[in-house]
Each structure stands twice: as C-alpha cells, then as structure tokens.
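A.B. asks: This structure is in structure tokens; I'll ask about it shortly.
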Amino acid sequence: MKSKIYYIVVGLFALLALAGCQGSDGALVVATDAAFPPFEYVDEETKDIIGFDIDLMNAIAEEANLDIEFKNVAWDPLLAGMADCQYDMAISAITILPERAEQFSFSDPYINAGQIITVAVDNDTVTSPDDLVGAIIGAQLGTTGAMEVEEIPDATLKTYDTYELAFLDLMNGQVDAVIADYPTAVAFVNMNSDDLKVVGDVFTDEYYGIAFCKGNDELISQVNDALAALQAEGFIDELVNTWYGDSN
Ligand code: ARG
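Using this note's numbering, the letters of the sequence shown map in sequence onto residues 139 to 386.
Okay, structure coming up:
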C-alpha cells in the first residue's frame with residue numbers, strides 16, 4: 139500500500155501542474171518579448187507593454203471572453219517556455235515554422251511580415267542578400283532573421299538577446315547589416331533615421347501566429363474564431379494602419 143505521504147506529494151504535484159499556467163485570479167498567462175516594436179514593447183513613459191500584438195490579443199480576449207494577463211519574457215526563454223507549457227499562450231510576432239509547430243501549437247496566421255535588410259545610411263553597396271556575401275550580420279538569437287543570415291554564403295552571424303542591441307551595434311559599426319522583420323526594422327530606423335536605413339525588398343514571406351501550449355485545442359479554436367471575426371470586421375487592417383501603416 140502506498141503511504142499517505144505519497145498521495146500528498148502526488149496531489150501537490152497535480153495541483154502545481156494545474157496551477158502552472160494560471161496568473162492572478164486564474165487569468166490565462168500570455169507571454170510576450172516586449173522588445174520588438176511595433177508589435178510589443180514597453181512604453182517609456184507609462185512602462186506599460188504596448189503594440190500591435192497587445193491590442194490584437196486584448197481584442198481577442200474580449201471577443202472570446204477570456205481573462206488574460208501579459209508576462210514579459212525574453213525571446214529565447216519564451217520559445218522554450220512555450221514548449222514546456224509554462225505559459226498558456228504567447229504573442230510575440232512569432233513566425234509559424236514547421237519546427238516550432240512540433241514544440242507548441244499555433245493559431246491561424248494573422249499577418250504576413252517578412253525579412254528586410256537594414257544598413258548604415260552611408261552604405262551604398264547593399265540592396266539585397268546577394269550583396270551580403272561574406273558580411274558580418276546581426277540578428278536576434280533564435281529568430282527567422284538569424285536563420286536567413288545563415289543562408290548567406292560566408293556571412294558571419296552575430297546574435298543578440300534583443301533586436302535593439304543588434305541595431306545599436308549596427309550604428310556603432312560593429313556589424314555590416316541587420317536582418318529583421320520589416321515592420322520592426324522600420325520602427326528602429328524611424329527612431330534612428332540619421333544613422334540607419336532599410337534597403338531593398340522584403341525577401342521572405344512569414345506568417346505570424348499566436349502560440350499555445352500543446353493540447354489546448356478548445357482554447358485554440360476559441361482564439362481562431364475570435365481572430366476570424368476580427369479579421370472580417372477589418373480590425374486587423376486597422377491595427378496595421380495604426381502601428382505601421384506608413385511603412386508599407
Ligand atoms: N518573426 C521572427 C521570428 O519568429 C522574429 C520575432 C521576434 N519577436 C520578438 N518579440 N522578439 O523568429
């Protein structure tokens with residue numbers, strides 16, 4: 139016969155597992171790496187997390203009647219945490235990739251935003267990935283931007299915990315270029331237009347999805363229904379206009 143202690147310990151673990159994802163008052167925890175304007179970033183004055191994804195997730199929560207709470211988590215632990223079901227959801231401009239879909243589930247896509255090259259304003263030699271052969275290129279660790287750098291022959295990838303650090307290094311001449319999602323590249327260029335510029339065309343197609351801990355099928359379909367309704371209302375187009383419309 140199993141001891142009382144055994145049942146208490148098992149019971150405690152079960153409770154912990156159940157409570158694992160829950161925020162205060164049982165709210166669903168939505169992880170976001172709030173260092174990626176215009177999708178998710180911290181407002182310098184109010185210290186609130188704001189952006190396209192935050193507005194979208196709040197609208198979804200309202201539409202689907204979900205109680206949510208954002209948690210600011212760095213990109214690398216965010217992806218690992220989703221694979222471990224540490225959070226219920228994540229919205230973080232996450233490109234839907236087959237290898238990621240093995241680790242966690244995705245909603246239907248909500249936007250297409252591919253990669254673009256950013257260089258110093260006085261750089262006149264780079265307009266496409268072909269011009270970056272052998273270059274030193276910055277990107278945030280574990281992003282599709284970093285994956286694209288790895289496709290460029292003889293290029294050296296320099297990774298950063300945030301894109302902000304990558305763009306800083308570009309301004310300081312430590313890298314030749316940064317490859318990033320174009321709305322984010324444009325956001326950083328707009329903040330530093332004396333030093334940086336985007337060049338050439340968006341050269342990948344990438345669809346963003348909301349991530350879920352695997353097996354949460356009911357929540358996924360609630361969120362997909364809400365997304366479809368918001369799309370039909372034109373709400374997503376409105377968000378594009380609000381947060382980066384002038385960069386299209
Ligand atoms: N879309 C790119 C990817 O999925 C970059 C996303 C980075 N997002 C962030 N919040 N840091 O790899």
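Ideal placement from N, C-alpha and C gives every residue a C-beta, glycine not left out.
Please list, in chain order, all residues of the same chain as A228 whose beta carbon is under 6 Å from its beta carbon, the five residues on each side excluded.
C.D. replies: The residues are A169, L216, M220 and A349.
A.B. asks: State buried or exposed for E289, treating a residue as buried only when at least 16 other CB atoms are found within 10 Å of its CB.
C.D. replies: Under this definition E289 is an exposed residue.
A.B. asks: Between the C-alpha atoms of A367 and T297, what's the straight-line distance to the nearest angstrom?
C.D. replies: One C-alpha to the other measures close to 38 Å.
A.B. asks: Under 7 Å between the Cβ atoms of D246 and V167?
C.D. replies: Going by C-beta atoms, D246 is not nearer than 7 Å to V167.
A.B. asks: Work out the CA separation of M195 and K352 for me, nearest whole Å.
C.D. replies: Each residue's alpha carbon lies about 19 Å from the other.
A.B. asks: Could you tell me which of D214, A212, W213 and A197 sits nearest to I206, measuring between CA atoms?
C.D. replies: Minimum Cα distance to I206 is reached at A197.
A.B. asks: Between the alpha carbons of A273 and F242, how many angstroms are there, rounded?
C.D. replies: In a straight line, the C-alpha of A273 is about 34 Å away from that of F242.
A.B. asks: May I ask you to report which of helix, strand or coil DSSP gives A197?
C.D. replies: DSSP places A197 in helix when its eight states are reduced to three.
A.B. asks: Only counting runs of 4 or more residues, tell me where the alpha helix (DSSP H) segments fall wholly within the region 345–384, in order along the chain.
C.D. replies: 355–371 and 373–382, all fully within the region 345–384.
A.B. asks: Pop quiz: N328 and F305 are said to be a contact at Cβ under 8 Å. What is the actual Cβ separation, rounded to whole angstroms?
C.D. replies: With 8 Å as the limit, N328 and F305 do not qualify as a contact, their Cβ atoms being about 11 Å apart.
A.B. asks: With contact counted as at least three CB pairs below 8 Å, one residue from each stretch, are the region 314–321 and the region 276–285 in contact?
C.D. replies: Yes, the region 314–321 touches the region 276–285.
A.B. asks: Would the C-beta of F190 count as close to the ligand ARG, meaning under 6 Å from any of its heavy atoms?
C.D. replies: No; taking the cut-off as 6 Å, the Cβ of F190 has no heavy atom of the ligand ARG nearer than that.
A.B. asks: Where do the ends of the alpha helix (DSSP H) carrying A221 lie?
C.D. replies: Per DSSP, A221 belongs to the alpha helix (DSSP H) from W213 to A221.
A.B. asks: Starting from L308, trace the alpha helix (DSSP H) in both directions and tell me its first and last residue.
C.D. replies: First-last of the alpha helix (DSSP H) with L308: Y301 to M309.
A.B. asks: In chain order, what residues of the same chain have a beta carbon less than 6 Å from the beta carbon of V287, not counting five sequence neighbours either side?
C.D. replies: Cβ neighbours of V287 beyond the five flanking positions: I275, A277, A293, L295 and I317.
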